[in-house]
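Everything on this sheet refers to the single structure shown next.
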Amino acid sequence: MATFTLLPAAIDSQLEREAGMSHFEFGVMAALSRQPGRRLQLKDLAVVANGSLSRLSHVISRLERQGWVRRMSGGNGRATNAELTDKGYSKLMKAGPIHFAEVRRLVFDVLTPEEVKELRRVTSRINAALIPETNLGPLARRTRAGALRQSS
248 MATFTLLPAA IDSQLEREAG MSHFEFGVMA ALSRQPGRRL QLKDLAVVAN GSLSRLSHVI
308 SRLERQGWVR RMSGGNGRAT NAELTDKGYS KLMKAGPIHF AEVRRLVFDV LTPEEVKELR
368 RVTSRINAAL IPETNLGPLA RRTRAGALRQ SS
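In short: position in the sequence shown from 1, add 247, done, that's this note's numbering.
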């Protein structure tokens, strides 16, 4: 069970140190990068990023100060969108290999090929229990499913 606490903390620390962003910020930027126009309504982004709207709003403010994301009106006067800027996309493309190398080092390099297969099998079952399809809208289902396939 310590893995569920230690692994996210190690990944977060490494991203902060080497890329200047938290794991949650990386996830928000990655989620935006997969959307048409690299843009999404904040309420939908909160679902996709698995964070509260309040937490997301604070993170978007920080990402805006860095020039990595910009807030924009959704057009109807009520909705607010977040858009990943070119600078943010470039930052994400630089941070991605750093992040994935650390995940590989901490998780996959310490396992045999057979253990990796078993990990995929076990995490698929856990993911199915954590993300029941009936509780998510199509956008979150599509985006999370893609992210889960990439991480498994």
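Beta carbons are placed, not taken as given, at the ideal position from N, Cα and C, and that holds for glycine. Since we're looking at a predicted model, the values are computed, not measured.
Quick check on residue i: does DSSP put it in helix, strand or coil?
{"i": "R325", "result": "coil"}
{"i": "R264", "result": "helix"}
{"i": "Q282", "result": "coil"}
{"i": "S320", "result": "strand"}
{"i": "L287", "result": "strand"}
{"i": "R358", "result": "For the sequence presented, residue 358 should be read as Leu rather than Arg. Coil."}
If you draw a straight line from the C-alpha of residue i to the C-alpha of residue j, how long is it?
{"i": "L358", "j": "P255", "result": "18 Å"}
{"i": "T334", "j": "L366", "result": "The amino acid occupying residue 334 in the given sequence is Lys; Thr does not appear at that position. Whole-angstrom Cα-Cα distance: 35 Å."}
{"i": "I258", "j": "S320", "result": "33 Å"}
{"i": "E361", "j": "V354", "result": "13 Å"}
{"i": "T370", "j": "G267", "result": "29 Å"}
Please look up how many angstroms separate the CB atoms of residue i and residue j, rounded, as I've assumed it's under 8 Å.
{"i": "L303", "j": "L287", "result": "Actually they are not in contact, since the Cβ atoms of L303 and L287 sit about 11 Å apart, beyond 8 Å."}
{"i": "L279", "j": "H346", "result": "16 Å between Cβ atoms; not a contact."}
{"i": "W315", "j": "K338", "result": "6 Å"}
{"i": "E272", "j": "L310", "result": "6 Å"}
Compare the C-beta of residue i with all C-beta atoms of chain D and state if any pair is closer than 9 Å.
{"i": "A266", "result": "Included in the structure is just one protein chain, with no chain D present."}
Ignore the nearest five residues each way along the sequence and tell me which others in residue i's own chain have a CB closer than 6 Å to its CB.
{"i": "A326", "result": "Q288"}
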